[in-house]
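K.L.:
One structure coming up, written as structure tokens, with questions to follow.
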Amino acid sequence: MPLLETIKAQWTQYFPPAPTFTEENITPQQGRVFVITGANQGLGFELAKMLYPTGATIYMASRSEVRTLQAIRKIQESQADAATPATLKFLLVDLEDLISVKQAAAAFAAQESKLDILWNNAGIGGAPPGTTTAQGLEEHIGTNCVAPLLFTQLLFPQLRNAAASAPKGSVRVVWTSSLMVDSFSPPGGINFTSIESGKTTDSSIDYAVSKVGNWFLSHEAAKAWGSYGVYSVVQNPGNLNTEAYRYLPGILRRILKALLLYETKYGAYTMSYAGLSEEVENDEYVWPWGRKGRSPRKDIHEAIEKGAAERFWKWCEEAAKPYVD
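Here it is in structure tokens:
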């Protein structure tokens with residue numbers, strides 16, 4: 001894209017127009033089953049809160065039962081007059097540990113035969129170089145990419161079951177990208193030598209690469225699962241003041257909050273649009289606060305066409321292989 005278009009694409013994501021898909025646009029969801037990872041706080045909490053009056057069954061997946069149960073009570077108390085309240089349930093999952101991911105999928109399957117929407121929301125940012133997951137993967141790639149892909153693949157039987165009897169395009173997996181894809185990721189989006197070696201030197205680049213990874217995984221999922229009626233959508237929820245930045249120094253986080261970070265409810269508008277809007281198609285890229293977009297990074301689009309997304313999908317599968325039956 002020409003420089004002017006690149007600047008325009010970044011500007012409109014830093015400073016989005018007012019949301020057009022809000023609480024008023026969300027229809028009743030009785031009988032549907034949702035999973036939101038990282039739902040005990042931040043963006044996931046706001047999304048669960050927004051969906052509470054719809055009557056759906058919502059699994060709030062996180063690694064802290066205490067905090068999630070507190071979040072559930074907070075949602076219930078804040079909307080005690082809801083006519084069709086959702087059923088909120090805790091699902092234990094720690095995306096920094098693939099064993100926990102496998103256990104979480106099994107726990108869900110023991111309770112539900114279908115899954116209508118999976119929001120892969122949870123993630124981290126700013127982890128110092130050298131930080132690793134329980135399985136020794138670079139923290140951002142392991143937590144933001146390998147674990148969500150494993151979780152989604154293990155839940156695919158339930159997604160497929162839901163799609164068999166649901167309206168076309170209503171069963172979805174929503175992945176989470178970031179504006180940092182455009183500004184911090186290396187040429188082609190991912191440096192495979194770096195991720196394969198696990199040796200990195202810049203947390204901003206590591207985070208951006210993991211968000212490119214989410215885009216790649218969404219694209220490959222759209223190809224693999226679209227024929228089953230399961231749509232895959234990636235979205236940049238916006239620049240939000242969430243715990244994804246917990247590794248950043250306090251003063252830097254305060255500066256970001258003052259200049260560029262928005263209230264988390266706006267990100268929930270993006271997420272709800274990606275999951276529920278009838279405008280959204282398979283393999284869509286959604287911008288804040290709920291509109292169709294396209295990354296200005298021509299090099300990343302070309303990398304996808306040349307097989308980089310497929311290569312990354314296979315790399316993630318190989319990393320998670322010991323934890324798949």
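Under the UniProt record's numbering, think of the first position of the sequence shown as 1, with each following residue one higher. All C-beta atoms, glycine included, are put in the ideal place defined by N, C-alpha and C.
#1: If you run the structure through DSSP and keep just helix, strand and coil, what is residue 297?
#2: Following the continuous beta strand (DSSP E) through residue 90, name the residue where it begins and the one where it ends.
#3: Name the DSSP bridge partner or partners of residue 113?
#4: Write down every uninterrupted run of the beta strand (DSSP E) in the region 150-178 whose length is 3 residues or greater and which is fully enclosed by it, in chain order.
#5: From the DSSP output, in three-state form, read off residue 23 for me.
#6: What does DSSP give as the partner residues of residue 132 in its beta bridges?
#7: Kindly indicate which three-state DSSP category residue 1 falls into: helix, strand or coil?
#8: Check each candidate in 79, 101, 62, 102 and name the one with the smallest Cα separation from residue 89.
#9: For residue 9, which residues from the same chain have a beta carbon less than 6 Å from its beta carbon, with the 5 sequence-adjacent residues on both sides left out?
#10: Would you mind working out which of 168, 306, 257 sits nearest residue 232, comparing C-alpha positions?
#11: Of the residues 28, 201, 241, 50, which one's Cα is nearest the Cα of residue 42?
#12: Rounding to the nearest angstrom, what Cα-Cα distance links residue 1 and residue 300 in this structure?
#13: Determine the direct distance from the alpha carbon of residue 221 to that of residue 163, and round the result to whole angstroms.
#14: Whole-angstrom Cβ separation of residue 120 and residue 87, contact assumed at under 8 Å?
#15: With 16 other CB atoms within 10 Å as the buried threshold, where does residue 110 fall?
#16: Express the C-alpha separation of residue 91 and residue 312 in angstroms, rounding to a whole number.
#17: Nearest-angstrom Cα distance between residue 33 and residue 107?
P.N.:
In short:
#1: Here residue 297 refers to the residue found at position 297 of the sequence shown. Note: residue 297 maps to coil in three-state DSSP.
#2: Position 90 of the sequence shown, counted from the first residue, corresponds to residue 90. If you look at residue 90, you'll find it in the beta strand (DSSP E) that goes 87-92.
#3: Here residue 113 refers to the residue found at position 113 of the sequence shown. Looking at the DSSP assignment, residue 113 forms no beta bridge with any residue, so it has no partner.
#4: Listed in chain order, the complete beta strand (DSSP E) runs (minimum 3 residues) inside the region 150-178 are 171-176.
#5: Here residue 23 is taken as the residue at index 23 of the sequence shown, counted from 1. Residue state, collapsed to three classes: helix.
#6: Counted from its first residue, the sequence shown places residue 132 at position 132. DSSP output for residue 132 lists 138 as bridge partner(s).
#7: As a position in the sequence shown, residue 1 is number 1, starting the count at 1. Any reading at residue 1 is ruled out, since the residue's pLDDT is 49, under 50, leaving its predicted position unreliable.
#8: Looking up residue 89 in the sequence shown gives position 89. By alpha-carbon distance to residue 89, the top candidate from 79, 101, 62, 102 is 62.
#9: The residue given as residue 9 occupies position 9 in the sequence shown. Closer than 6 Å at Cβ, skipping near neighbours: 296.
#10: Here residue 232 corresponds to residue number 232 of the sequence shown, with the count starting at 1. Distances from the CA of residue 232 to each of 168, 306, 257 were compared; the closest alpha carbon is that of 168.
#11: In the sequence shown, counting from the first residue as 1, residue 42 sits at position 42. Between residue 42 and the set 28, 201, 241, 50, the nearest pair of CA atoms involves 241.
#12: By 1-based counting over the sequence shown, the position of residue 1 is 1. By 1-based counting over the sequence shown, the position of residue 300 is 300. Per-residue confidence for residue 1 stands at a pLDDT of 49, beneath the threshold of 50, marking its modelled position as unreliable; the derived number appears in the next sentence. So the two alpha carbons sit approximately 12 Å from each other.
#13: Residue numbering aside, residue 163 sits at position 163 when the sequence shown is read from its first letter. Residue numbering aside, residue 221 sits at position 221 when the sequence shown is read from its first letter. Answer to the nearest angstrom: the Cα atoms are 15 Å apart.
#14: Stepping through the sequence shown from its first residue, residue 120 is reached at position 120. Stepping through the sequence shown from its first residue, residue 87 is reached at position 87. The pair is not a contact, with the Cβ atoms about 21 Å apart (cut-off 8 Å).
#15: Residue 110 sits at position 110 when you count from the first residue of the sequence shown. So residue 110 counts as exposed.
#16: Indexing the sequence shown from 1 puts residue 312 at position 312. Indexing the sequence shown from 1 puts residue 91 at position 91. Each residue's alpha carbon lies about 28 Å from the other.
#17: To locate residue 33, count along the sequence shown from 1; it is residue 33. To locate residue 107, count along the sequence shown from 1; it is residue 107. Spanning the two alpha carbons is a distance of roughly 14 Å.
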